[in-house]
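Colleague:
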Amino acid sequence: MSIKLGCIADDFTGATDLANNLVRAGMRTVQTIGIPGEPLRGAADAAVVALKTRTLPAAEAVAQSLAALEWLRAQGAEQIYFKYCSTFDSTPAGNIGPVADALMTRLDTDFTIATPAFPDNKRTVFKGYLFAGDVLLNESGMQHHPLTPMTDPNLVRVLSAQTTRRVGLIDHAVVARGSQAIRARIQELKAQGVEIAIVDAVSNDDLLVLGPALAGMPLVTGGSGVAIGLPRNWGMTSASAQAGQPRMPGMQAVVAGSCSAATNGQVAAFIESGRPALALDPLRLAAGEDVVAQALAWADAHLGDGPVLIYSTAQPEQVRQAQGELGAARAGAMIEDAIARIATGLVERGVRQLIVAGGETSGAVVQALGLEQIAIGEQIDPGVPWCRGHAPAVHDDISIALKSGNFGARDFFLKAFD
Ligand code: ADP
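Residues 22 to 439 (the numbering used here) are what the sequence shown spells out, left to right.
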């Protein structure tokens with residue numbers, strides 16, 4: 022079976038965010054970890070290839086994105102969606118402009134749109150200016166981002182600096198007049214030589230109006246918000262969404278390597294609930310103790326009674342201390358490796374519902390488990406769905422939720438298993 026929509030995401034948690042929006046808008050969606058070496062497994066309306074290209078040198082980001090495009094076209098994709106961050110994370114060197122350019126050239130198309138608007142997450146675009154919450158992008162903290170500082174909120178200017186193509190604007194006055202008006206404006210811009218148009222959107226209604234105007238456009242680029250208006254172009258609505266991939270029956274566990282504020286609260290809430298929780302000590306790990314075997318022996322005693330939590334999550338002061346003794350990179354890599362081995366051991370013991378907290382941590386766990394394609398299921402909290410994929414080591418499917426550090430309510434770990 023062929024997919025309708027083929028998506029290329031420039032980072033891993035962004036891919037899950039997009040896939041989650043597509044599922045909620047009515048498309049059966051599979052997310053792949055990198056570019057698969059084989060065809061898509063199972064029936065799907067959309068595929069999201071998760072790359073990690075946001076801050077790579079532009080040439081590498083382009084090469085990987087084009088390879089993803091080829092794979093998606095081989096799966097029958099009728100439309101391509103290039104997904105980037107809702108804060109338009111990029112620099113004058115790229116990678117949004119160069120990747121969009123290359124995809125347009127390969128798709129032999131002379132027009133696309135670009136909008137990071139994601140009103141559910143308080144990212145809105147008006148007159149081409151990007152707002153994060155109530156402030157302009159360059160006042161939101163993003164101006165201090167270590168890798169992609171965003172100092173200009175005007176997306177026409179920002180994107181113009183990254184591409185030789187002419188960038189224009191479909192402003193809110195047009196969007197407010199509806200899909201026909203947007204189509205007419207696109208023709209007008211094309212006649213002026215504009216090849217990429219920033220589109221204003223301040224509400225989900227705006228994105229739903231935009232959707233029909235994008236039908237048949239070979240390439241669409243945006244944050245995850247634009248996705249809510251696309252499934253209807255193929256007659257799919259939220260009512261046609263699968264009730265979600267059924268969760269695998271089996272034992273339940275959480276592994277947490279995130280030290281973000283939200284994860285700290287979630288770990289505390291789990292402990293307060295009286296459920297079994299085990300802290301990992303980076304210093305004992307560094308001293309050569311077999312922390313992984315100890316953790317798995319501990320888990321053996323508790324797994325039969327309900328969900329367990331194994332965590333390295335710590336407050337900033339403790340993190341600084343560990344980093345001071347071990348170095349930040351070494352501490353991080355050691356803990357990621359330990360948590361990945363613990364997660365594998367848990368799955369070998371029969372855990373089939375696994376939550377992983379932390380972006381980098383999730384990457385390590387997914388790789389260790391050998392997950393290549395995951396189907397998106399029910400949403401636990403905004404941006405975090407249950408997923409389901411095949412774990413080769415146990416010849417079985419597992420349900421897995423990959424939680425970015427600052428996502429999720431305080432009771433996330435408990436709620437997820439309900
Ligand atoms: P988040 O999504 O919250 O950023 P990540 O998993 O991406 O979480 O990043 C957390 C990083 O911190 C990982 O590299 C992890 O191994 C490391 N880490 C986890 N616990 C500790 C700790 N107690 N001390 C130092 N580093 C830690």
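For every residue, glycine included, the Cβ atom is placed at its ideal position computed from N, Cα and C.
Leaving aside the five residues before and after Ala182 along the sequence, list all residues of the same chain whose C-beta is less than 6 Å from its C-beta, in chain order.
Modeller: The count along the sequence shown starts at 1 and reaches residue 182 at position 161. Answer for Ala182: Pro113, listed in chain order.
Colleague: Rounding to the nearest angstrom, what Cα-Cα distance links Leu375 and Arg198 in this structure?
Modeller: Taking the first residue of the sequence shown as 1, we reach residue 375 at position 354. Taking the first residue of the sequence shown as 1, we reach residue 198 at position 177. If you take the alpha carbons of Leu375 and Arg198, they lie about 46 Å apart.
Colleague: Here's the rule I'm using: 16 or more other beta-carbon atoms within 10 Å means buried, otherwise exposed. How should Pro270 be labelled?
Modeller: As a working mapping, residue 270 is identified with position 249 in the sequence shown. The residue is exposed, with fewer than 16 neighbouring Cβ atoms inside 10 Å.
Colleague: Drop a sphere of 10 angstroms on the beta-carbon of Ser420, count the other beta-carbons inside from all chains shown, and report buried for 16 or more, exposed for fewer.
Modeller: Translated into the one-based positions of the sequence shown, residue 420 becomes position 399. It counts as buried.
Colleague: Closer than 8 Å to a non-hydrogen atom of the ligand ADP - does that hold for the CB of Glu357?
Modeller: Taking the sequence shown and counting its residues from 1, the one referred to as residue 357 is at position 336. Glu357: yes, Cβ under 8 Å from the ligand ADP.
Colleague: Is Ala205 near the ligand ADP, going by C-beta to nearest heavy atom under 8 Å?
Modeller: On the sequence shown, residue 205 is found 184 positions in, with the first residue counted as 1. No, since every heavy atom of the ligand ADP falls outside the 8 Å radius drawn around the Cβ of Ala205.
Colleague: Report yes if the CB atom of Thr108 is closer than 9 Å to the CB atom of Ala121, and no otherwise.
Modeller: Looking up residue 108 in the sequence shown gives position 87. Looking up residue 121 in the sequence shown gives position 100. No, the pair does not count as a contact, with Cβ atoms beyond the cut-off.
Colleague: Check Asn116 in the structure and name its three-state DSSP category.
Modeller: Locating residue 116 in the sequence shown gives position 95, where the first residue counts as 1. DSSP places Asn116 in coil when its eight states are reduced to three.
Colleague: Would you say Gly353 touches the ligand ADP, meaning its beta carbon is less than 8 Å from a heavy atom?
Modeller: Taking the first residue of the sequence shown as position 1, residue 353 is located at position 332. At a threshold of 8 Å, Gly353 counts as near the ligand ADP, since its beta carbon sits closer than that to one of the ligand's heavy atoms.
Colleague: Using CA coordinates, which residue listed in Ser23, Gly47, Asp66 is at the minimum distance from Gly97?
Modeller: Locating residue 97 in the sequence shown gives position 76, where the first residue counts as 1. Among Ser23, Gly47, Asp66, the Cα nearest to that of Gly97 is on Ser23.
Colleague: Does the Cβ of Asn427 lie closer than 8 Å to at least one heavy atom of the ligand ADP?
Modeller: The residue you call residue 427 lines up with position 406 of the sequence shown. Yes; taking the cut-off as 8 Å, the Cβ of Asn427 has a heavy atom of the ligand ADP nearer than that.
Colleague: His411 lies in the beta strand (DSSP E); which residues open and close that run?
Modeller: Locating residue 411 in the sequence shown gives position 390, counting from the first residue. Here the beta strand (DSSP E) through His411 covers 405 to 412.
Colleague: For the 8 Å Cβ check, are there 3 or more pairs between the segment 397 to 405 and the segment 348 to 359?
Modeller: no
Colleague: Just tell me which of Gly27, Leu43, Gly237 has its CA closest to the CA of Met257.
Modeller: As a first step, residue 257 must be located in the sequence shown, where it is residue number 236. The residue with the shortest Cα to Cα distance from Met257 is Leu43.
Colleague: Gln287: beta carbon under 8 Å from a heavy atom of the ligand ADP?
Modeller: Within the sequence shown, numbered from 1, the residue matching residue 287 stands at position 266. Checking the Cβ of Gln287 against the ligand ADP gives no.
Colleague: Using alpha carbons as the reference points, say which of Arg45, Gly35, Val69 lies closest to Val51.
Modeller: Locating residue 51 in the sequence shown gives position 30, where the first residue counts as 1. When only C-alpha atoms are compared, the closest one is Val69.
Colleague: Between the Cα of Gly45 and the Cα atoms of Lys143, Ala30, Ala248, Pro60, which residue gives the shortest distance?
Modeller: The residue you call residue 45 lines up with position 24 of the sequence shown. One point to set straight first is that residue 45 is Arg, not Gly, in the sequence displayed. Taking only the C-alpha atoms, the option nearest Arg45 is Ala248.
Colleague: Exposed or buried, which one is Arg305 when buried takes at least 16 other CB atoms within 10 Å?
Modeller: Reading the sequence shown from its first residue, position 284 is the one you call residue 305. Of the residues assessed, Arg305 falls on the exposed side of the cut-off, its CB having fewer than 16 other CB atoms within 10 angstroms.
Colleague: Taking the straight line between their C-alpha atoms, what separation do you get for Gly232 and Asp192?
Modeller: Reading the sequence shown from its first residue, position 211 is the one you call residue 232. Reading the sequence shown from its first residue, position 171 is the one you call residue 192. Distance between the alpha carbons of Gly232 and Asp192 is about 15 Å.
Colleague: Examine the Cβ distances between the segment 136 to 148 and the segment 160 to 169 and report whether three or more of them are shorter than 8 Å.
Modeller: With the rule of 3 Cβ pairs closer than 8 Å, the segment 136 to 148 does not count as touching the segment 160 to 169.
Colleague: Could you spell out where the alpha helix (DSSP H) holding Met22 opens and where it closes?
Modeller: Walking along the sequence shown from the start, residue 22 turns up at place 1. Where Met22 is concerned, there is no enclosing alpha helix (DSSP H), given that its DSSP letter is neither H nor E.
Colleague: Go ahead and label Thr126 buried or exposed: buried means 16 or more other beta carbons lie within 10 angstroms of its beta carbon, across all protein chains shown.
Modeller: Here residue 126 corresponds to residue number 105 of the sequence shown, with the count starting at 1. Result: exposed.
Colleague: Sorted by chain position, which residues of the same chain lie with C-beta nearer than 8 Å to Val241's C-beta, five sequence neighbours on each side aside?
Modeller: Walking along the sequence shown from the start, residue 241 turns up at place 220. Same-chain partners within the cutoff: Gln100, Ile101, Tyr102, Phe103, Thr133, Ile134, Leu235, Val247, Leu251.
Colleague: Using only alpha-carbon positions, find the residue among Asn225, Pro406, Gln315, Asn142 that is nearest to Ile360.
Modeller: Position 339 of the sequence shown, counted from the first residue, corresponds to residue 360. Residue Gln315 is the option with its Cα nearest to Ile360.
Colleague: Please find out if some non-hydrogen atom of the ligand ADP comes closer than 8 Å to the beta-carbon of Val223.
Modeller: Taking the sequence shown and counting its residues from 1, one reaches residue 223 at position 202. Outside the cutoff, so no.
Colleague: Ile207 and Ala218 - do their beta-carbons sit closer together than 9 Å?
Modeller: Residue numbering aside, residue 218 sits at position 197 when the sequence shown is read from its first letter. Residue numbering aside, residue 207 sits at position 186 when the sequence shown is read from its first letter. Taking 9 Å as the Cβ cut-off, Ala218 and Ile207 qualify as a contacting pair.
Colleague: If you follow the alpha helix (DSSP H) that Thr365 is in, where does it begin and where does it stop?
Modeller: Here the question's residue 365 lines up with position 344 in the sequence shown. Here the alpha helix (DSSP H) through Thr365 covers 349 to 369.
Colleague: Identify the continuous beta strand (DSSP E) that holds Ala300 and give its terminal residues.
Modeller: Your numbering for residue 300 matches position 279 in the sequence shown. Per DSSP, the unbroken beta strand (DSSP E) holding Ala300 starts and ends at 298 to 300.
Colleague: Only counting the same chain, and skipping five residues up and downstream in sequence, which positions put a Cβ closer than 8 Å to that of Glu369?
Modeller: The residue given as residue 369 occupies position 348 in the sequence shown. Sequence-distant Cβ neighbours of Glu369 in its own chain, meaning closer than 8 Å and more than five residues away, are Ala414, Val415.
Colleague: Can you tell me whether DSSP reads Ala121 as helix, strand or coil?
Modeller: Taking the sequence shown and counting its residues from 1, one reaches residue 121 at position 100. In this structure, Ala121 counts as helix in the three-state DSSP scheme.
Colleague: Hey, out of Tyr105, Glu209, Gln287, Gly325, whose CA is closest to Ala335's CA?
Modeller: Counting from one through the sequence shown, the residue named residue 335 turns up at place 314. Residue Gln287 is the option with its Cα nearest to Ala335.
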